[in-house]
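Q: After the structure tokens below, expect a handful of questions from me.
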Amino acid sequence: MSEPAAQNDVGASIHRGGVVRWLVYVLPALVLVAMTLPRMGQSLWYDEFWRTKLFLNEQTLHDRLFRDVHNPLYNACMYVWINVFGDGEISIRIPSLVLGVAIVVLAVWWARRLVGEVGAWVTGLFLAVSPVVIWHSADAKNVMLATLASVGCLVCVERTATRSSKDVSSALPLWKRPAVWLCAALIVGGFTSWNSLFAAICAMLAAATVWKRVGKWNWLAMGWAWLAALLAMLPLLIYKSMQIPELMRRHTRYFDWREVVLFVTNWLPSGNTMWPVQPYEDKARAFTPPQQWFTLAMAAVVLSLVFIGLRGLVRRGNAVWVVRPMWIGLALIFAASAAVRAWYGDGKWNIYQERNLLWMIVPFAIMLGAGVRMGIVGDQHHRWRDAAARWSGLLLAVCILALPLMGSVRMMTTEKNVWTVYKPNPDWRSAARLIEAHGGANARVMEEDGYQLDPLWYYGPALQRVVVPRDSWLGNEVFIRMSGPADPMYVVDQRHRYPYNMGRFDRNGVSREFIGQVDGLTVHKVWREVAQ
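Listed below in structure tokens is the structure:
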């Protein structure tokens, strides 16, 4: 083997190395587990409470499966899970962690075929230390199942489109046919979240840009996969189409050019930890002095890394399967968001949430891995540059992995109580213990209608919930439930979700006492003074 050929086959010896060949899968998976473990024992938040027996049980199962805004597969799986393994914090988060590991392993498997061994290492380690992947791997929500299905669709479209027509049309066992796996991924994704089908649509549109490179048998196989999946999902499609008003989400937002920049240069590489921007605040803050200089500097660094990786993918001929689905997806969301805003005109109907585009982090990581591989392996046409290229490639790898690693550390330490990947997780467990220690296990807790305190009842099941109409604190509804200093109520102020103006209790004969503060929550005791 010539020297250039050997240089371009860096992973060959590793591939033949027995146990060592599996390190590229095992090590990133172990790193992800180690990075996620500190978050596994945190108290549950609102949506996670929905995966406990207090919310998901025999009496509520039908409504949770068929009347929830989410599609039923994840809730159905979690119903079985909690009845077998219990509904503790760690237990209900284990499925998401397993799915996170599966996403990393699948991404590494795909990257090895697209960008080689070195690129696979960078891809796996980048995902393993990514704040976004770590956050959602410790979140009892359907995000990771939908993301795994989405990535599976990307992989299966690429594998089906690039297989030889002979392989596609031959009588291979069903479990070896990528089109069958594509059908399975579409069904799992559709029954989990409609957003999963978006990744498959983007992959199909990317394949259409190289129509002549995809054989007719390949298109036929993908067509049958889609047809079978749509037939399987038809009952759910019909049922959901009859409930469109109930499926509208009010906390989505508009995907303008600033969201595109922040998504690619801040959320994907650092999980919104390097300069946290809350999604519902004015994005112009990130593009005005002095914040704009940091924004532009980060954008320049990240986009330079992406450009280097893009060159590597183009040289290997794989850019169409990695780059185009991502950029096509961003363009479609941008156009659809503008169209919805123009149609309704009131700015209330938006379609964008970052977590629904989490699948894009895999093409993003592979792009970065391709750039590092191109640097380390070298260019056989310029052998005199190889030594410098390897050192620059190693330095590039360090920079690429340092950014998400620093972001993960910040997410768990200095930015723990700041909106980064998602809203901070309030410490409901400690709040419940604080109320019980001060007022007893049966203490009364005031809950204004709509100001959800659901996780509090999970940790303090004996606490008495006193529901009052919203904004009625001056009315008789509140005071009727207060019998005086001997029978007070406790108020939990949620700083990140539903902040109270606690000063409103300091009037009209109502007294207030500050009890304590935990992560994201403050606890107060309020009572009505009784005239002597």
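Taken in order, the sequence shown gives residues 43 to 574; the numbers are from this note's numbering.
We treat Cβ as the ideally placed atom computed from N, Cα and C, and that holds for glycine.
On a predicted model such as this, the values are computed, not experimentally measured, just so you know.
Sorted by chain position, which residues of the same chain lie with C-beta nearer than 6 Å to Leu310's C-beta, five sequence neighbours on each side aside?
A: Ile403, Phe406
Q: Can you say whether Glu301 is buried or exposed, counting buried as having 16 or more other CB atoms within 10 angstroms of its CB?
A: Burial call: buried.
Q: Between the Cα of Thr202 and those of Ala242, Leu190, Pro173, spot the shortest distance and give me the residue it belongs to.
A: Ala242
Q: Please work out which residues of its chain come closer than 8 Å, Cβ to Cβ, to Leu443, disregarding the five sequence neighbours upstream and downstream, and give them in chain order.
A: Val164, Leu167, Phe168, Val171
Q: Count Cβ pairs between the region 331-338 and the region 225-232 that sit closer than 8 Å; are there 3 or more?
A: no
Q: Whole angstroms are fine: how far does the CA of Arg452 sit from the CA of Pro277?
A: For the pair Pro277 and Arg452, the Cα-to-Cα distance works out to about 45 Å.
Q: Between Val319 and Leu445, is the Cβ-Cβ spacing less than 9 Å?
A: Not in contact: Val319 and Leu445 (Cβ atoms no closer than 9 Å).
Q: Tell me whether the beta-carbon of Met186 lies closer than 9 Å to the beta-carbon of Leu141.
A: yes
Q: Under 8 Å by Cβ, that's how I've got Leu115 and Val197 pegged, so tell me the actual separation to the nearest angstrom.
A: The Cβ separation is near 20 Å, so there is no contact.
Q: Which of the three DSSP states is assigned to Thr294 in this structure?
A: coil
Q: Can you grab the Cα-Cα spacing for the pair Trp152 / Leu69, in whole Å?
A: 16 Å
Q: On a Cα-Cα basis, can you pick out the residue from Cys119, Asp298, Val256, Phe297 that is closest to Val362?
A: Val256
Q: Taking the CB atoms as reference points, tell me whether Val364 and Leu156 lie closer together than 9 Å.
A: yes
Q: Is the beta carbon of Met531 sitting closer than 9 Å to the one on Trp470?
A: No, Cβ-Cβ distance for Met531 and Trp470 is not below 9 Å.
Q: So the alpha helix (DSSP H) Phe349 belongs to, where does it begin and stop?
A: Boundaries of the alpha helix (DSSP H) harbouring Phe349: 333-358, taken from the DSSP string.
Q: For the 8 Å Cβ check, are there 3 or more pairs between the region 346-357 and the region 478-489?
A: In the pairwise beta carbon analysis, the region 346-357 is classified as not touching the region 478-489: fewer than three pairs are separated by under 8 Å.
Q: Is Val171 helix, strand or coil by DSSP?
A: In the structure shown, Val171 adopts coil according to DSSP, grouped into three states.
Q: Just the C-alpha distance for Trp87 and Val147, rounded to the nearest angstrom, thanks.
A: When rounded, the distance between both Cα atoms is 28 Å.
Q: Pick helix, strand or coil for Phe205, following the three-state DSSP scheme.
A: Per the sequence shown, the amino acid found at residue 205 is Arg instead of Phe. For Arg205, the three-state secondary structure derived from DSSP is coil.
Q: Out of Ser235, Ala182, Lys465, Val356, which one is the CA nearest neighbour of Met120?
A: For Met120, the closest C-alpha among the options Ser235, Ala182, Lys465, Val356 is that of Ala182.
Q: Taking 6 Å as the limit between beta carbons, can you name the residues of its chain near Asn368, skipping five residues before and five after?
A: Residue 368 is actually Met in this sequence, not Asn. For Met368, where only same-chain residues beyond five positions count, the Cβ hits under 6 Å are Met402, Pro405.
Q: Expressed to the nearest angstrom, what Euclidean distance is found between the alpha-carbon atoms of Asn314 and Gly411?
A: 21 Å
Q: CA-CA distance, Lys458 and Pro466?
A: 7 Å
Q: In three-state DSSP terms, what is Gly411?
A: helix
Q: Is DSSP giving Ser44 helix, strand or coil here?
A: Bear in mind that the predicted position of Ser44 carries a pLDDT of just 36, short of 50, making it too unreliable to give a figure here.
Q: Where does Phe556 sit, in a helix, a strand or coil, going by DSSP?
A: Three-state result, Phe556: strand.
Q: Can you tell me whether His566 is helix, strand or coil according to DSSP?
A: Secondary structure of His566 (DSSP, three-state): strand.
Q: What would DSSP say about Glu159, mapped onto helix, strand or coil?
A: Here Glu159 sits in helix by DSSP.
Q: Using a Cβ-Cβ cut-off of 8 Å (strictly less than) and excluding sequence neighbours within five positions of Thr94, which residues of its own chain qualify?
A: Cβ-Cβ distances below 8 Å link Thr94 to Leu86, Ile124, Asp129, Ile134, Tyr500 in the same chain, with the five nearest sequence neighbours on each side left out; the list follows chain order.
Q: Ala149 and Val193 look like a contact to me (Cβ under 8 Å); what is the Cβ gap, rounded to whole Å?
A: Correct: roughly 7 Å between the Cβ atoms.
Q: Mapping DSSP to helix, strand and coil, what is Met488?
A: In the structure shown, Met488 sits in a strand (DSSP, three-state: E or B).
Q: Taking the alpha-carbon positions, what's the Asp395 to Ala271 distance?
A: A small correction: the amino acid at residue 395 is Gln; Asp does not occupy that position in the sequence shown. Approximately 25 Å between the Cα atoms of the pair.
Q: So, under 8 Å CB-CB, Ile477 and Leu495 are touching, yes? Tell me the CB distance rounded to an integer number of Å.
A: Incorrect: roughly 11 Å between the Cβ atoms, too far for contact.
Q: Just verifying my parser: in three-state terms, what is the DSSP assignment at Val382?
A: helix
Q: Taking the straight line between their C-alpha atoms, what separation do you get for Leu563 and Asp491?
A: 18 Å
Q: Where does Arg154 sit, in a helix, a strand or coil, going by DSSP?
A: helix
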